[in-house]
Amino acid sequence: MLIKTLLNKVERFKSFVYGSIGVQLVDGVEALVIDIEPRRNSRPVCPECGKRRNVYDRQPQRLFEYLPVWTFKAYLRYAPRRVDCPTCGVKVEALPWGYGKERMTFSYQVFLARWAKRLSWKETADIFETSWDTVFRAVQFVVDYGLAHRSLEGVTEIGVDEIKVFKGHKYLTLVYQLNAGVRRLLWCGPEHRAKTLLRFFHEFGKERSAQIRFVCSDMWAPYLKVIAKKAPQALNILDRFHIMRAFSEAIDQIRRDEVKQFKANGQENVLERGRWLLLKRPENLTEKQTTRLGELLKLNLASIKGYLLREDFQRFWEYQRPDFAGKFLDNWVTRALQTDLEPMKKVARMLRSHKPLILNWFKAKGQLSSGAVEGMNLKAKLTMRKAFGFRTLKCLQIALYHELGKLPEPEYHHRFC
Ligand SMILES: [Zn+2]
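Terminal number for the sequence shown in the numbering used here: 775, no gaps in between.
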């Protein structure tokens, strides 16, 4: 009796009542089975038109997995009615706790999905003695609900980014909303091509695209073109994070070439384990690393020259006025082009040809957080790391929406977990 009282406190289903409750074997394991009956004189709801109709007949009892109780699995048991709908025909009634052939109740799916946000999907499956696929379906349900019910009003700042997924050259393009207080993943789609971003704008819609004021992106020409075409009123900003990433890639390339050269000449590899020394900002190095960097700096290495060029460029971001920043940029480009570091020269040429868009960063200063894209990018990478067992791009997309989408959930007056 007490359990029934508790159940009514947790969740009530309109036009249905809880019946008898007992412990029974389900799939060979003892579980709590809770019977549900329709309220007397209530008529079933047609799943298609949503109207109450007469009963046609009744189907055999089915189990719907509910929230576990004291580590017992729990199930709602109900024999669905079929409605005789004059407009839609004979259909299985719509149920307030579940849908179609899915064996999980809505609330159990929300419960699993919430845990899957805190733990990996595999851990969630292990703890609740269910399968990875079940957790996947639960998250998918919650994400589908969230995408259908979210508001896309007030999106005026967006960031376009891409991350490498799986092995080989597979990418996901991500579009974030960057407005302060509502930073979230808006959209993600497979590949890194002009048509990928076109698809985002198409789905986002013309009216909303016209409201966008800032777009942060990297220097990739096809995306710049799409942005200029689909959101011509917006200020396109090549942001700090994306530009400094180009530097890191150049330094990495120089270092790899140099190590190859050491090997070919039979020289000692002084750059061994030097990758992070060169890629990290000096203020983020440990004391030991700082000492080692000091030693490296004494050597006349191409990698070190590249490193110093990058450190020198960091001053660029401290300018307040776009014209001064522009002069600094020109100077830096000239110096970089005088070196024999081909990857760095490539960066210099890229900066030179995108100068106006880079200087937009200073025009938007104070209105746009410089770390916003980087923050979202880190979170996306973290999600991927947690993503053990994600075999398909679709899984990964759902995981990203789940973790970063700030999606609304179905509302319950009781907090399940
Ligand atoms: Zn109907």
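Positions of the beta carbon are idealized from the N, C-alpha and C atoms, including for glycine.
| said: ligand 1 and E406: does any heavy atom of the ligand fall closer than 7 Å to the residue's C-beta? | reply: Walking along the sequence shown from the start, residue 406 turns up at place 48. Yes, the Cβ of E406 comes within 7 Å of a heavy atom of ligand 1.
| request: With a threshold of 16 other CB atoms inside 10 Å of the CB of P418, please say whether the residue is buried or exposed. | output: Taking the first residue of the sequence shown as 1, we reach residue 418 at position 60. Exposed.
| query | Which partner residues does N412 have in the DSSP bridge list? | reply | What you label residue 412 is simply residue 54 of the sequence shown in a count that begins at 1. D442.
| Check: C546 C-beta below 7 Å from any heavy atom of ligand 1 | What you label residue 546 is simply residue 188 of the sequence shown in a count that begins at 1. The answer is no for C546.
| task | Verify the contact flag: C446, CB atom, against every heavy atom of ligand 1, threshold strictly below 7 Å. | result | The count along the sequence shown starts at 1 and reaches residue 446 at position 88. Yes, the Cβ of C446 comes within 7 Å of a heavy atom of ligand 1.
| query | Would the beta-carbon of K587 be found less than 7 Å away from any heavy atom of ligand 1? | reply | On the sequence shown, position 229 is the one that residue 587 refers to. No, Cβ of K587 sits at least 7 Å from all heavy atoms of ligand 1.
| said: Just to confirm, is the Cβ distance from A432 to A389 under 8 Å? | reply: Position 74 of the sequence shown, counted from the first residue, corresponds to residue 432. Position 31 of the sequence shown, counted from the first residue, corresponds to residue 389. A432 is a Cβ neighbour of A389, given a cutoff of 8 Å.
| Can you name, in chain order, every residue of its own chain whose Cβ lies under 8 Å from the Cβ of R397, other than the five neighbours on each side? | Position 39 of the sequence shown, counting from 1, holds the residue named residue 397. Here the set comprises S373, F374, V375.
| field | Close Cβ partners of R668 (< 7 Å) along its chain, the five nearest in sequence each way excluded | value | Reading the sequence shown from its first residue, position 310 is the one you call residue 668. Contacts found: F605, I609.
| request: Take Y759 as the anchor and find which of L425, Q498, V584 has the nearest alpha-carbon. | output: Along the sequence shown, read from residue 1 onward, the residue named residue 759 stands at position 401. Among L425, Q498, V584, the Cα nearest to that of Y759 belongs to Q498.
| Measuring CA to CA, which of L687, L659, Q591, Y534 is closest to S575? | Here residue 575 corresponds to residue number 217 of the sequence shown, with the count starting at 1. Distance check between S575 and each of L687, L659, Q591, Y534 places Y534 closest, using alpha-carbon atoms only.
| task | Could you name each continuous beta strand (DSSP E) segment of 3 residues or more that falls completely within the region 414-475, going from the start of the chain to the end? | result | 420-427, 430-436, 439-443, 447-450
| task | Give me the Cα-Cα distance between G539 and E515, rounded to the nearest whole angstrom. | result | The sequence position of residue 539 within the sequence shown is 181, counting from 1. The sequence position of residue 515 within the sequence shown is 157, counting from 1. When rounded, the distance between both Cα atoms is 12 Å.
| query | Could you give the distance in angstroms between the alpha-carbon of R598 and the alpha-carbon of A660? | reply | Here residue 598 is taken as the residue at index 240 of the sequence shown, counted from 1. Here residue 660 is taken as the residue at index 302 of the sequence shown, counted from 1. Roughly 24 Å separates the two Cα atoms.
| message | Given 7 Å as the limit, tell me if C443 has its C-beta closer than that to any heavy atom belonging to ligand 3. | response | Of the ligands one can find in the structure shown, namely ligand 1, none is ligand 3.
| The alpha helix (DSSP H) spanning E669 covers which residue range? | Against the sequence shown, residue 669 aligns to sequence position 311. Start and end: 660-671.
| request: Classify E406 as buried or exposed, calling it buried when 16 or more other Cβ atoms lie within 10 Å of its own Cβ. | output: Looking up residue 406 in the sequence shown gives position 48. Under this definition E406 is an exposed residue.
| said: Can you confirm whether the region 377-386 touches the region 408-417 when touching is taken to mean that 3 or more C-beta pairs between the two stretches lie within less than 8 Å? | reply: Touching, no.
| request: Examine ligand 1 and report whether any of its heavy atoms sits within less than 7 Å of the Cβ of K739. | output: As a working mapping, residue 739 is identified with position 381 in the sequence shown. For ligand 1, not one heavy atom lies less than 7 Å from the Cβ of K739.
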